[in-house]
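Take a look at the structure set out below.
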Amino acid sequence: MNTALEIHDLTVAFDRKPVLWNIDLMIPQGKLVGIVGPNGAGKSTLIKAAMGILPLSSGYVKLYDQPLESVRERISYVPQRESVDWDFPASVMDVVLMGRYAKLGLFKRPRKADKDVAIDCLKKVGMEGFINRQISQLSGGQQQRTFLARALAQQADLYFMDEPFAGVDAATEKAIFTLLREMTNQGKTVIVVHHDLQSVSQYFDWVVMLNTRLVTSGPTSKTFTSENLEATYGGKLTLLTDVADLMRRENYPNREENVIKS
Amino acid sequence: MNDLYIILTASLVSASCALLGCFLILRRMAMVGDAISHAVLPGIVIAFLLSGSRDSVTMLIGAGIIGMFTTFLIEFFHKKARLQTDASIGVTFTWLFAIGVVLISLFAGKVDLDQDCVLYGEIAYVPLDVIITQGGINIGPKALYVSGIILIVNLLFVSLAYRKLFLTTFDPYFATAIGISTTVWHYALMGAVSMTTVASFESVGAILVVALLIAPAATAYLLTDNFKTMLALACLMGVLSSITGYYLAVWLDGSIAGAIATMSGVHFALAMLLSPSHGMIYKKLKTHIH
Numbered sequence: 001m002n003t004a005l006e007i008h009d010l011t012v013a014f015d016r017k018p019v020l021w022n023i024d025l026m027i028p029q030g031k032l033v034g035i036v037g038p039n040g041a042g043k044s045t046l047i048k049a050a051m052g053i054l055p056l057s058s059g060y061v062k063l064y065d066q067p068l069e070s071v072r073e074r075i076s077y078v079p080q081r082e083s084v085d086w087d088f089p090a091s092v093m094d095v096v097l098m099g100r101y102a103k104l105g106l107f108k109r110p111r112k113a114d115k116d117v118a119i120d121c122l123k124k125v126g127m128e129g130f131i132n133r134q135i136s137q138l139s140g141g142q143q144q145r146t147f148l149a150r151a152l153a154q155q156a157d158l159y160f161m162d163e164p165f166a167g168v169d170a171a172t173e174k175a176i177f178t179l180l181r182e183m184t185n186q187g188k189t190v191i192v193v194h195h196d197l198q199s200v201s202q203y204f205d206w207v208v209m210l211n212t213r214l215v216t217s218g219p220t221s222k223t224f225t226s227e228n229l230e231a232t233y234g235g236k237l238t239l240l241t242d243v244a245d246l247m248r249r250e251n252y253p254n255r256e257e258n259v260i261k262s
Numbered sequence: 263m264n265d266l267y268i269i270l271t272a273s274l275v276s277a278s279c280a281l282l283g284c285f286l287i288l289r290r291m292a293m294v295g296d297a298i299s300h301a302v303l304p305g306i307v308i309a310f311l312l313s314g315s316r317d318s319v320t321m322l323i324g325a326g327i328i329g330m331f332t333t334f335l336i337e338f339f340h341k342k343a344r345l346q347t348d349a350s351i352g353v354t355f356t357w358l359f360a361i362g363v364v365l366i367s368l369f370a371g372k373v374d375l376d377q378d379c380v381l382y383g384e385i386a387y388v389p390l391d392v393i394i395t396q397g398g399i400n401i402g403p404k405a406l407y408v409s410g411i412i413l414i415v416n417l418l419f420v421s422l423a424y425r426k427l428f429l430t431t432f433d434p435y436f437a438t439a440i441g442i443s444t445t446v447w448h449y450a451l452m453g454a455v456s457m458t459t460v461a462s463f464e465s466v467g468a469i470l471v472v473a474l475l476i477a478p479a480a481t482a483y484l485l486t487d488n489f490k491t492m493l494a495l496a497c498l499m500g501v502l503s504s505i506t507g508y509y510l511a512v513w514l515d516g517s518i519a520g521a522i523a524t525m526s527g528v529h530f531a532l533a534m535l536l537s538p539s540h541g542m543i544y545k546k547l548k549t550h551i552h
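Top line first, the protein sequences correspond to chains A and B. 1 is the number of the first residue of the first sequence in this note's numbering; add one for each residue after it. 263 is the number of the first residue of the second sequence in this note's numbering; add one for each residue after it.
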């Protein structure tokens, strides 16, 4: 089984407060992967760190067995919809063409071929009727589809998506899911930060359960169990956070820490 | 001829400012121009103290260095101290400006400098400072050439780096993810703002520079939903303010820089009322119809 993403001993901290601690995980190619965990568990941080958007405090990330820099062109990203200003003076086409920027040289203009790719991607997300629409006039679901089209336009192999299902209607959710499934059927790997626990077993082949530390990562059928959910969200959780707080205060090294996995 | 020189200089400066202003307001950094134009005071004083000359190139270099330092400090306070951008801008420039004031007062005896002469360049004097070639031919005011060169540099910068600036302004996370450094383009833009501000306020005055960095871009923002159109419209609004402002000043026999800044405000107010997409009147009409 070929590895799309390998994370080793990853720690990310803001203001010395760890948001992610000691993450070790491996994700095989061609899977539709869900990252779940409570608010503040570090789900978005994990994918941002994997893409080099946030600095790592320790550890390393390998994509297709190589460091990020040498495979960046094969990686795509869908940020959270709220992370940008949708009143920005830009059209849907402007945004989708951004997906082509990495392929363009520093000062080259997008060619017709790039525009064709962009239009093709808009068709895939059902937005071909909105090519020249101002982004300020889009609904939440349409904004999300525009972001997806931009990511598709990169023609990457590995996609990180930060809550692509947040705030979209049921029809859009279904359309997006179908699209993601098509992508993984073509051998692409899609890693999605997800909030809705109800749909996890229906949507994802592989699930990563996270709460500052990695609870578990593996095939959904084996991994998405009530014990693991309990470990991620419930009961023991508060205790573990307390332990984590205490250890940070005491500056203990945390390598031997295996409480969560047991 | 003097009229033309003044209007032309003001137009060139306003086009430069408008181009950069479009990026600044969309990055919510509109007040950076204001900050730089004040914060460079200590740079000018130190440059003068070190070189002993009031030669404008020395001044420009001193001011330019402090200008970049200002943008660095703003970013530093924002990122490291977690201060809001506006607070970080406020702290930085008042502090640097104050140091400049202290320096001037300390060396007041030896230095032929005051806040007026460094901060409030007077656009009415543009035609007086002319370049005379070795053959003794008057080839026009220096400010005209300086602002012309600055505009060319800005046009080149914005057109060559257009997509990088556009993307890092709209979606910095995505830009970083595809390997475009937001830091590099942030400082490139701030460098351009710093250069433009410093080079312009010597000839047209700080207040006019600050007004021209924001008002024409804000007006254009209200008039269009297309970023390229916004850039062009902002330049146009800047030039329009320069022309109408100049004649307003002549008519009132008042300050030219003041009148130009006033007219840019008037244009903004008109756009606010009349814009087809964002205008208040149009919006009112639309709600009545529905």
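Glycine residues also receive a C-beta, built at the ideal position from the N, C-alpha and C atoms.
On the criterion of 16 or more Cβ atoms from any shown chain inside 10 Å, does Lys48 of chain A qualify as buried, or is it exposed?
As a first step, residue 48 of chain A must be located in the first sequence, where it is residue number 48. Buried.
Can you give the Cα-Cα distance for Gln198 of chain A and Leu229 of chain A, rounded to whole angstroms?
If you number the first sequence from 1, residue 198 of chain A lands on position 198. If you number the first sequence from 1, residue 229 of chain A lands on position 229. Just so you know, the alpha carbons of Gln198 of chain A and Leu229 of chain A end up roughly 12 Å apart.
Unbroken beta strand (DSSP E) run spanning Val392 of chain B, endpoints:
Here residue 392 of chain B refers to the residue found at position 130 of the second sequence. For Val392 of chain B, the enclosing beta strand (DSSP E) begins and ends at Val392 to Ile394.
Taking Cβ positions, are Leu20 of chain A and Gly42 of chain A nearer each other than 8 Å?
Stepping through the first sequence from its first residue, residue 20 of chain A is reached at position 20. Stepping through the first sequence from its first residue, residue 42 of chain A is reached at position 42. Closer than 8 Å, so yes.
Are the segment 279-299 of chain B and the segment 340-352 of chain B touching, with three or more C-beta to C-beta distances below 8 Å?
As far as the Cβ criterion goes, the segment 279-299 of chain B touches the segment 340-352 of chain B, which means the pair count is three or higher.
Nearest CA to the CA of Leu5 of chain A: which residue from A:Thr225, A:Lys188, A:Tyr203 and A:Gln202?
Counting from 1 along the first sequence, the entry for residue 5 of chain A is found at position 5. Considering only alpha carbons, the answer is A:Lys188.
To which residues of the same chain is Leu345 of chain B closer than 6 Å at the C-beta, ignoring the five residues directly before and after it?
For this step, residue 345 of chain B is matched to residue 83 along the second sequence. Counting only Cβ-Cβ distances below 6 Å, and skipping sequence neighbours, we find Phe339.
So, with DSSP's three-state summary, where would you put Thr333 of chain B?
As a first step, residue 333 of chain B is located in the second sequence; it is residue number 71 there, counting from the start. If DSSP states are grouped into helix, strand and coil, Thr333 of chain B belongs with the helices.
Examine chain A for any beta-carbon lying closer than 8 Å to the beta-carbon of Gly441 of chain B, and answer yes or no.
For the purposes of this step, residue 441 of chain B is taken as the residue at position 179 of the second sequence. Closer than 8 Å to some Cβ of chain A, the Cβ of Gly441 of chain B qualifies, so yes.
Thr486 of chain B: contacting residues in chain A (beta-carbon distance under 7 Å):
Locating residue 486 of chain B in the second sequence gives position 224, counting from the first residue. Chain A residues near Thr486 of chain B: Pro89.
Residues bridged to Phe14 of chain A (per DSSP):
Here residue 14 of chain A is taken as the residue at index 14 of the first sequence, counted from 1. Beta-bridge partners assigned by DSSP to Phe14 of chain A: A:Lys17.
What is the C-beta distance between Gly326 of chain B and Val455 of chain B, in whole angstroms, given that I count them as a contact (C-beta under 8 Å)?
Residue numbering aside, residue 326 of chain B sits at position 64 when the second sequence is read from its first letter. Residue numbering aside, residue 455 of chain B sits at position 193 when the second sequence is read from its first letter. Between Gly326 of chain B and Val455 of chain B a beta carbon distance of about 11 Å is seen, past the 8 Å cut, so the two are scored as non-contacting.
Kindly give me the distance between the Cβ atoms of Gly410 of chain B and Tyr267 of chain B, rounded to whole angstroms, as I take these residues to be in contact under 8 Å.
Here residue 410 of chain B refers to the residue found at position 148 of the second sequence. Here residue 267 of chain B refers to the residue found at position 5 of the second sequence. Actually they are not in contact, since the Cβ atoms of Gly410 of chain B and Tyr267 of chain B sit about 12 Å apart, beyond 8 Å.
Using Cβ-Cβ distances below 7 Å, what residues of the segment 420-434 of chain B are close to chain A?
Within the segment 420-434 of chain B, the residues whose Cβ lies closer than 7 Å to some Cβ of chain A are Leu422, Arg425, Leu429, Phe432 and Asp433, listed in chain order.
Beta-carbon separation of Tyr407 of chain B and Ile385 of chain B under 8 Å?
Counted from its first residue, the second sequence places residue 407 of chain B at position 145. Counted from its first residue, the second sequence places residue 385 of chain B at position 123. Not in contact: Tyr407 of chain B and Ile385 of chain B (Cβ atoms no closer than 8 Å).
Option in B:Val420, B:Gly314, B:Thr332 and B:Met542 with minimal Cα separation from Leu358 of chain B:
By 1-based counting over the second sequence, the position of residue 358 of chain B is 96. With distances taken between CA atoms, Leu358 of chain B lies nearest to B:Thr332 out of B:Val420, B:Gly314, B:Thr332 and B:Met542.
Just checking, does the segment 421-437 of chain B make contact with the segment 65-83 of chain A on the three C-beta pairs under 8 Å criterion?
Yes, since at least three Cβ pairs between the segment 421-437 of chain B and the segment 65-83 of chain A fall closer than 8 Å, the two stretches touch.
Roughly how far, in whole angstroms, is the beta-carbon of Val92 of chain A from the beta-carbon of Phe130 of chain A, given that I think they are within contact range, below 8 Å?
Locating residue 92 of chain A in the first sequence gives position 92, counting from the first residue. Locating residue 130 of chain A in the first sequence gives position 130, counting from the first residue. Between Val92 of chain A and Phe130 of chain A the beta-carbon gap is near 5 Å, inside 8 Å, which marks them as a contact.
Can you check the segment 122-197 of chain A for any alpha helix (DSSP H) of at least 4 residues that lies completely inside it and give the ranges in chain order?
Entirely contained in the segment 122-197 of chain A, the alpha helix (DSSP H) runs reaching 4 residues are, in chain order, 140-153 and 170-185.
Which residue from B:Leu365, B:Leu368, B:Glu464 and B:Leu335 puts its Cα closest to that of Thr271 of chain B?
Numbered from its first residue, the second sequence carries residue 271 of chain B at position 9. Comparing Cα-Cα distances from Thr271 of chain B to each of B:Leu365, B:Leu368, B:Glu464 and B:Leu335, the minimum goes to B:Glu464.
For Ala149 of chain A and Lys490 of chain B, what's the separation of their Cα atoms in angstroms?
The sequence position of residue 149 of chain A within the first sequence is 149, counting from 1. The sequence position of residue 490 of chain B within the second sequence is 228, counting from 1. About 22 Å.
Need the endpoints of the beta strand (DSSP E) that Lys490 of chain B sits in, please.
Taking the first residue of the second sequence as 1, we reach residue 490 of chain B at position 228. Run containing Lys490 of chain B: none in the beta strand (DSSP E); it sits in the alpha helix (DSSP H), Phe489 to Leu514.
Does Thr445 of chain B come within less than 8 Å of chain A when only Cβ atoms are used?
On the second sequence, residue 445 of chain B is found 183 positions in, with the first residue counted as 1. Not one beta carbon of chain A lies nearer than 8 Å to the beta carbon of Thr445 of chain B.
CB-CB under 6 Å to Phe355 of chain B, same chain, minus the five flanking residues each way: which ones, in chain order?
Here the question's residue 355 of chain B lines up with position 93 in the second sequence. Ala297, His300 and Ala301.
Along the segment 290-306 of chain B, where does the CB come closer than 8 Å to a CB of chain A? Name the residues.
For the segment 290-306 of chain B, the beta-carbon criterion of a distance under 8 Å to any beta-carbon of chain A is satisfied by none of its residues.
Where does Ser517 of chain B sit, in a helix, a strand or coil, going by DSSP?
Reading the second sequence from its first residue, position 255 is the one you call residue 517 of chain B. Judged by DSSP in its simplified three-state form, Ser517 of chain B adopts coil rather than helix or strand.
What residues in its chain sit with their C-beta under 7 Å from that of His540 of chain B, if we drop five residues either side in the sequence?
Start at 1 with the first residue of the second sequence, and residue 540 of chain B comes out as number 278. Around His540 of chain B: Leu484.
Quick check: what's the CA-CA separation for Arg255 of chain A versus Asp24 of chain A?
For this step, residue 255 of chain A is matched to residue 255 along the first sequence. For this step, residue 24 of chain A is matched to residue 24 along the first sequence. Annotation note: pLDDT 46 at Arg255 of chain A (below 50); position unreliable, no value reported.
If we cut at 8 Å on Cβ distances, does Phe339 of chain B have a partner in chain A?
Start at 1 with the first residue of the second sequence, and residue 339 of chain B comes out as number 77. With 8 Å as the cut-off, Phe339 of chain B does not count as an interface residue toward chain A.
With C-beta atoms as the reference, is Thr458 of chain B less than 8 Å away from Cys284 of chain B?
Sequence index remark: in the second sequence, residue 458 of chain B carries index 196 (1-based). Sequence index remark: in the second sequence, residue 284 of chain B carries index 22 (1-based). It is not a contact, given that the beta carbons lie outside the stated cut-off.
With a threshold of 6 Å on Cβ separation, who are the neighbours of Glu128 of chain A within its own chain once the five nearest residues in sequence on each side are excluded?
Position 128 of the first sequence, counted from the start, is the residue given in the question as residue 128 of chain A. Excluding sequence neighbours, Glu128 of chain A sits near Leu122.
Nearest neighbour of Leu288 of chain B, chosen from B:Ile412, B:Ala482, B:Leu470 and B:His529 [CA to CA]
Numbered from its first residue, the second sequence carries residue 288 of chain B at position 26. For the residues B:Ile412, B:Ala482, B:Leu470 and B:His529, the minimum Cα distance to Leu288 of chain B belongs to B:Ala482.
Would you tell me roughly how many angstroms separate the C-alpha atoms of Leu240 of chain A and Val96 of chain A, rounded to the nearest one?
As a position in the first sequence, residue 240 of chain A is number 240, starting the count at 1. As a position in the first sequence, residue 96 of chain A is number 96, starting the count at 1. Low per-residue confidence applies at Leu240 of chain A: pLDDT is 49, beneath 50, and the placement is therefore not dependable, though the value from the model is reported in the following sentence. Straight-line Cα distance between these residues: approximately 43 Å.
Does the beta carbon of Ala102 of chain A sit closer than 8 Å to a beta carbon anywhere in chain B?
Along the first sequence, read from residue 1 onward, the residue named residue 102 of chain A stands at position 102. The beta-carbon of Ala102 of chain A is placed less than 8 Å from the nearest beta-carbon of chain B.
Which one of B:Leu335, B:Glu337 and B:Pro304 has the shortest CA to CA distance from Leu322 of chain B?
If you number the second sequence from 1, residue 322 of chain B lands on position 60. For Leu322 of chain B, the nearest C-alpha among the options comes from B:Pro304.
Looking at chain B, is there any beta carbon in it that lies within less than 8 Å of the beta carbon of Gly140 of chain A?
Translated into the one-based positions of the first sequence, residue 140 of chain A becomes position 140. No - not a single Cβ of chain B is within 8 Å of the one on Gly140 of chain A.
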